[in-house]
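*Asks:* Pasting in a structure now, in structure tokens, and then I'll have a few things to ask.
Protein chains: 2
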Amino acid sequence: MVNPMERIVIIGAGNIGTHLAHALVQHVSIVGIMSQHHESAHKLAGLLNCPTVERIEDIPSCDLILVCVPDKAIGNLLQNIPAEFNVAYTSGAVSISDLPIRENLGVLYPLQTFSREREVNLFEVPFLIEASNTFFSQYLFDLARKLSHKVIFAGSEDRKKVHVSAVFVNNFVNHLALLAKNFMDENQLDWELLKPLLKETSEKLLILDPCEAQTGPARRKDTITIEAHLKLLEGLPKEVYTLISKSIEQTYQAKKND
Amino acid sequence: MVNPMERIVIIGAGNIGTHLAHALVQHVSIVGIMSQHHESAHKLAGLLNCPTVERIEDIPSCDLILVCVPDKAIGNLLQNIPAEFNVAYTSGAVSISDLPIRENLGVLYPLQTFSREREVNLFEVPFLIEASNTFFSQYLFDLARKLSHKVIFAGSEDRKKVHVSAVFVNNFVNHLALLAKNFMDENQLDWELLKPLLKETSEKLLILDPCEAQTGPARRKDTITIEAHLKLLEGLPKEVYTLISKSIEQTYQAKKND
């Protein structure tokens, strides 16, 4: 089914749409880019030298429409795309069963955080694939394999669980960095000082088990330091400090009792 | 004061002591390594080809004793070290004012996480310096500058604040990874899948402001996804998810109201 003349339309020219379009254009023919933000669509189409599509009725014949819009917009959009089109979307959280039924409906979920201004090596990014039938899921698998060496099949429930974990590893890690930066800023201390630590923390996590890598006052039940730290904090950062310290203590308590 | 014949004794052969000893031996003469774990001291001394010291009474004449022991052991140890020795310790959390007074007492705090099995490029690591007098603090500053290009003076209160922030960026980030890994393991999903995301998350934080880098359901107030995620979690991970999501929402609410 995958061949050099493969024709794909991309709907959505945000972070994911943009990154996938740049990667796909090297392997397939992108025959249309559509976005409710016409300017974004035109900009991306210009960069990739491919046509824009203004309205759903104007979508040309193609092998796949790849829907890269926000989760809450997927359902409505799908209702308006004629049944003869094969459609895949890129969301981690939306189940196939929650969407209007169609013959060929699937998911191609890149497990990564995308920012417009940062290039990402897609080849390293895991893609999670699911579809309404095995033929279409094999098609999406083969397509994703052109972009990445790490493609797996995963049902909606598993994908949702991976997505929850991704929220911890990405969104929440990012927020902890924000809380630390805010605290440093408020105290006229230089956030740059913490960057080597942040770098080493994550590099260690790529090699060591997080359970082994853990250090710090909560790990060693150093209540004196924890109390001293809490005196410096207030509001939600203090609540976060308290709860995560409790969670760390419980982790190693449970381990000890194993 | 710093000269090629500089003589240093190191007490503590744990992670910090080991890393600092390996770095210092290239610039100074390490005239003794002491640890209550005699085996660790002997192993490190053997590697660096320098003598061990069994008892405090046997510490040879030196320019500095560098105390690299756990926080709660520093006070007692200092009480037993004769007044004529110059002493510095490496803790982020212990204030000079909480320790027994001596003429030359200081801090040389490397802001990094150390594991025995990982080499760390100390040259990139910020060192925070403080001492009981300006002469000794300049001495410690010059010593640290041999190891790192990023050395600053910081009083005990500032150092403690940096240490709190370090707990967020290191200990707590590590724990979020642990929670994610546990959740993946419990659901027979492969933790390796999340590593490219973890890597990109921290690499983005080295370049982008964490406030700008934030994405995800809490950032966009996507209550449907948040509710769906919470249904998958229980216990402390669920509490952590709830609290950090609330903290993210409040961050951007506050920003909107600016």
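Residue numbers (the numbering used here), protein chains in the order written: chain A, 1 to 258; chain B, 259 to 516. In this text, a Cβ means the ideal position worked out from N, Cα and C, and glycines have one as well.
Count the other CB atoms, across all protein chains shown, that sit within 10 Å of the CB of residue 465 of chain B; report buried if there are 16 or more and exposed otherwise.
*Replies:* For the purposes of this step, residue 465 of chain B is taken as residue 207 along the second sequence, with counting starting at 1. With fewer than 16 other Cβ atoms within 10 Å, it is exposed.
*Asks:* Identify each residue in the region 154-170 of chain A for which the Cβ-Cβ distance to at least one residue of chain B is less than 7 Å, and report them in chain order.
*Replies:* From the region 154-170 of chain A, only 158, 160, 161, 162, 164, 165, 166, 167, 168, 169 and 170 have a Cβ closer than 7 Å to chain B.
*Asks:* Which residues in the same chain have their Cβ closer than 8 Å to the Cβ of residue 233 of chain A, if we skip the five residues on either side of it in sequence?
*Replies:* Working through the first sequence from its first residue, we reach residue 233 of chain A at position 233. Result list for residue 233 of chain A: 183 and 241, in chain order.
*Asks:* Considering only residues of the same chain and omitting the five flanking positions on each side of residue 246 of chain A, which have a CB-CB separation below 7 Å?
*Replies:* If you number the first sequence from 1, residue 246 of chain A lands on position 246. Correct list: empty, nothing qualifies.
*Asks:* Given this structure, state the Cα-to-Cα distance separating residue 136 of chain A from residue 159 of chain A, to the nearest angstrom.
*Replies:* As a position in the first sequence, residue 136 of chain A is number 136, starting the count at 1. As a position in the first sequence, residue 159 of chain A is number 159, starting the count at 1. For residue 136 of chain A and residue 159 of chain A, the distance between alpha carbons rounds to 18 Å.
*Asks:* Is residue 334 of chain B close to chain A? Criterion is C-beta to C-beta, closer than 7 Å.
*Replies:* Locating residue 334 of chain B in the second sequence gives position 76, counting from the first residue. Judged by the 7 Å Cβ criterion, residue 334 of chain B is not in contact with chain A.
*Asks:* From which residue to which residue does the beta strand (DSSP E) around residue 411 of chain B run?
*Replies:* Here residue 411 of chain B corresponds to residue number 153 of the second sequence, with the count starting at 1. Residue 411 of chain B -> beta strand (DSSP E) spans 409-411.
*Asks:* Quick one: is residue 230 of chain A near chain B, going by C-beta distance under 7 Å?
*Replies:* Residue mapping note: residue 230 of chain A aligns to position 230 of the first sequence, counting from 1. With 7 Å as the cut-off, residue 230 of chain A does not count as an interface residue toward chain B.
*Asks:* For residue 310 of chain B, list the residues DSSP reports as bridge partners.
*Replies:* To locate residue 310 of chain B, count along the second sequence from 1; it is residue 52. Paired residue(s): B:291.
*Asks:* Kindly provide the ranges of any alpha helix (DSSP H) runs that are 4 or more residues long and lie completely inside the region 408-486 of chain B, ordered along the chain.
*Replies:* The qualifying runs are 414-424, 431-444, 453-465 and 468-471.
*Asks:* Apart from the five residues just before and just after residue 384 of chain B, which ones in its own chain have a Cβ nearer than 6 Å to its Cβ?
*Replies:* Looking up residue 384 of chain B in the second sequence gives position 126. So the qualifying residues of the chain are 369 and 408.
*Asks:* So residue 198 of chain A packs on residue 425 of chain B, CB below 8 Å; how close in whole Å?
*Replies:* By 1-based counting over the first sequence, the position of residue 198 of chain A is 198. By 1-based counting over the second sequence, the position of residue 425 of chain B is 167. Incorrect: roughly 12 Å between the Cβ atoms, too far for contact.
*Asks:* Among all the DSSP beta bridges, which residues are the ones paired with residue 114 of chain A?
*Replies:* One-based indexing of the first sequence puts residue 114 of chain A at position 114. Paired residue(s): none; residue 114 of chain A is not in a bridge.
*Asks:* Per DSSP, residue 403 of chain B forms a beta bridge with which residues?
*Replies:* Walking along the second sequence from the start, residue 403 of chain B turns up at place 145. According to DSSP, which records beta bridges pairwise, residue 403 of chain B is partnered with nothing at all.
*Asks:* When DSSP builds the beta bridges, which residues end up paired with residue 535 of chain B?
*Replies:* Outside the shown range of chain B, which is 259 to 516, sits residue 535 of chain B, and nothing can be said about it.
*Asks:* Any C-beta of chain A sitting closer than 7 Å to the C-beta of residue 471 of chain B?
*Replies:* Start at 1 with the first residue of the second sequence, and residue 471 of chain B comes out as number 213. Residue 471 of chain B counts as touching chain A.
*Asks:* Using a C-beta cutoff of 7 Å, does residue 458 of chain B count as contacting chain A?
*Replies:* Position 200 of the second sequence, counted from the start, is the residue given in the question as residue 458 of chain B. Chain A contact via Cβ: present.
*Asks:* Under 7 Å, Cβ to Cβ, is there at least one residue of chain A near residue 505 of chain B?
*Replies:* As a working note, residue 505 of chain B is residue 247 in the second sequence. Taking Cβ atoms only, chain A reaches closer than 7 Å to residue 505 of chain B, which makes this a yes.
*Asks:* Could you check whether residue 109 of chain A and residue 78 of chain A sit closer than 7 Å to each other, using their CB atoms as the reference points?
*Replies:* Looking up residue 78 of chain A in the first sequence gives position 78. Looking up residue 109 of chain A in the first sequence gives position 109. Cβ atoms of residue 78 of chain A and residue 109 of chain A: not closer than 7 Å.
*Asks:* With burial defined as no fewer than 16 other Cβ atoms inside 10 Å of the residue's Cβ, what is the status of residue 58 of chain A: buried or exposed?
*Replies:* If you number the first sequence from 1, residue 58 of chain A lands on position 58. Burial call: exposed.
*Asks:* Considering only residues of the same chain and omitting the five flanking positions on each side of residue 374 of chain B, which have a CB-CB separation below 7 Å?
*Replies:* Locating residue 374 of chain B in the second sequence gives position 116, counting from the first residue. Closer than 7 Å at Cβ, skipping near neighbours: 273 and 276.
*Asks:* Using only alpha-carbon positions, find the residue among B:415, B:306, B:405 and B:449 that is nearest to residue 163 of chain A.
*Replies:* For this step, residue 163 of chain A is matched to residue 163 along the first sequence. When only C-alpha atoms are compared, the closest one is B:449.
*Asks:* Residues of chain A with CB closer than 9 Å to the CB of residue 443 of chain B, please, in chain order.
*Replies:* For this step, residue 443 of chain B is matched to residue 185 along the second sequence. Result: empty, since nearest Cβ-Cβ is about 10 Å, beyond 9 Å.
*Asks:* Which bits of chain B does residue 93 of chain A rub up against, with CB to CB less than 9 Å?
*Replies:* Indexing the first sequence from 1 puts residue 93 of chain A at position 93. Residues of chain B passing the Cβ test: 475, 480, 482, 483, 486 and 487.
*Asks:* Does the CB of residue 387 of chain B have a neighbour CB from chain A at under 7 Å?
*Replies:* Indexing the second sequence from 1 puts residue 387 of chain B at position 129. No, residue 387 of chain B lies away from the interface with chain A (no Cβ there is under 7 Å from its Cβ).
*Asks:* Assuming residue 176 of chain A and residue 132 of chain A make a contact with CB atoms under 8 Å, what is their CB distance in whole Å?
*Replies:* Here residue 176 of chain A refers to the residue found at position 176 when the first sequence is read from its first residue. Here residue 132 of chain A refers to the residue found at position 132 when the first sequence is read from its first residue. Not confirmed; about 39 Å, so no contact.
*Asks:* To which residues of the same chain is residue 179 of chain A closer than 7 Å at the C-beta, ignoring the five residues directly before and after it?
*Replies:* Taking the first residue of the first sequence as 1, we reach residue 179 of chain A at position 179. 237 and 240.
*Asks:* Taking the C-alpha atoms as reference points, what is the distance between residue 470 of chain B and residue 161 of chain A?
*Replies:* Position 212 of the second sequence holds residue 470 of chain B. Position 161 of the first sequence holds residue 161 of chain A. Cα to Cα, residue 470 of chain B sits roughly 26 Å from residue 161 of chain A.
*Asks:* Could you check whether the Cβ of residue 86 of chain A sits closer than 7 Å to any Cβ belonging to chain B?
*Replies:* What you label residue 86 of chain A is simply residue 86 of the first sequence in a count that begins at 1. Residue 86 of chain A does not count as touching chain B.
*Asks:* Buried or exposed, going by whether 16 or more other CB atoms sit within 10 Å of the CB of residue 292 of chain B?
*Replies:* As a working mapping, residue 292 of chain B is identified with position 34 in the second sequence. It counts as buried.
*Asks:* So the candidates are B:475, B:482, B:493 and B:483; which of them puts its Cα closest to the Cα of residue 510 of chain B?
*Replies:* Along the second sequence, one-based indexing puts residue 510 of chain B at 252. Per the Cα distances, B:475.
*Asks:* Using a beta-carbon distance below 7 Å, is residue 370 of chain B in contact with chain A?
*Replies:* Position 112 of the second sequence, counted from the first residue, corresponds to residue 370 of chain B. At least one chain A Cβ lies under 7 Å of residue 370 of chain B.
*Asks:* Using the three-state DSSP reduction, which class does residue 343 of chain B fall into: helix, strand or coil?
*Replies:* On the second sequence, residue 343 of chain B is found 85 positions in, with the first residue counted as 1. Residue state, collapsed to three classes: coil.
*Asks:* Can you tell me whether residue 131 of chain A is helix, strand or coil according to DSSP?
*Replies:* Reading the first sequence from its first residue, position 131 is the one you call residue 131 of chain A. Here residue 131 of chain A sits in strand by DSSP.
*Asks:* Within this structure, are the beta carbons of residue 286 of chain B and residue 264 of chain B separated by less than 7 Å?
*Replies:* Your numbering for residue 286 of chain B matches position 28 in the second sequence. Your numbering for residue 264 of chain B matches position 6 in the second sequence. Their beta carbons are under 7 Å apart, which means residue 286 of chain B touches residue 264 of chain B by this criterion.
*Asks:* The beta strand (DSSP E) with residue 66 of chain A in it runs from where to where?
*Replies:* On the first sequence, position 66 is the one that residue 66 of chain A refers to. Residues 64-67.
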